[in-house]
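Beneath this line is the structure, given in structure tokens, with notes to follow.
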Amino acid sequence: MNSHKLLIELTLVPAGRHIAFSKEMLEKVHVYRRVGTEGDTWQQVATNARSPFIDTEAFPAGTTLEYQVQHFTQQDDLEGHSNIVRTTLIDPANAH
1 MNSHKLLIEL TLVPAGRHIA FSKEMLEKVH VYRRVGTEGD TWQQVATNAR
51 SPFIDTEAFP AGTTLEYQVQ HFTQQDDLEG HSNIVRTTLI DPANAH
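Just so we're aligned, residue 1 is where the sequence shown starts under this note's numbering, counting upward by one.
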């Protein structure tokens with residue numbers, strides 16, 4: 001396991017959800033998302049992603065989304081995974 005921290009940050013931007021993460025030069029990082037909360041299935045939404053990754057898929061207001069990234073070596077060996085970040089989408093019409 002590499003010594004760098006496997007942390008991600010989630011920021012809401014007009015285009016969608018902005019996921020920032022650290023990545024070593026030769027690492028592969030895959031981004032996973034699940035809709036709802038624990039118990040739902042993780043879906044891979046980006047393969048060998050660059051940071052930042054922006055998830056632009058639309059979801060209805062009130063939807064809770066969780067994200068995690070997994071780090072792999074060039075040989076596709078899992079090195080570890082990040083923390084989980086979560087957001088609940090709001091209706092832009094109600095945002096003031």
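All C-beta atoms, glycine included, are put in the ideal place defined by N, C-alpha and C.
Simplified DSSP assignment, three categories, for F59: By one-based count along the sequence shown, residue 59 stands at place 59. In this structure, F59 counts as coil in the three-state DSSP scheme.
Segment limits, beta strand (DSSP E) that includes R50: Numbered from 1 along the sequence shown, position 50 holds the residue referred to as residue 50. Neither: R50 is in no beta strand (DSSP E) and is coded neither H nor E.
When L6, T56, A15 and A61 are compared against D91, the one with the closest alpha-carbon: The residue you call residue 91 lines up with position 91 of the sequence shown. Answer by Cα proximity: A61.
Whether H30 touches V69 by CB criterion (8 Å): Reading the sequence shown from its first residue, position 30 is the one you call residue 30. Reading the sequence shown from its first residue, position 69 is the one you call residue 69. Taking 8 Å as the Cβ cut-off, H30 and V69 qualify as a contacting pair.
Residue range of the beta strand (DSSP E) that includes Q68: Taking the first residue of the sequence shown as position 1, residue 68 is located at position 68. Q68: member of the beta strand (DSSP E) spanning T64 to F72, first to last residue.
Cα-Cα separation between H81 and Q75, rounded to whole angstroms: In the sequence shown, the residue the question calls residue 81 occupies position 81. In the sequence shown, the residue the question calls residue 75 occupies position 75. Distance between the alpha carbons of H81 and Q75 is about 16 Å.
Neighbourhood of E66 by C-beta, 6 Å cutoff - its chain only, sequence neighbours within 5 removed: What you label residue 66 is simply residue 66 of the sequence shown in a count that begins at 1. Taken in chain order, the residues that qualify are R34, I84 and R86.
DSSP-derived helix/strand/coil call for T41: Position 41 of the sequence shown, counted from the start, is the residue given in the question as residue 41. Three-state DSSP puts T41 in coil, outside helix and strand.
Spatial distance of I8 from F59 (CA atoms): The count along the sequence shown starts at 1 and reaches residue 8 at position 8. The count along the sequence shown starts at 1 and reaches residue 59 at position 59. The alpha-carbon atoms of I8 and F59 are separated by roughly 21 Å.
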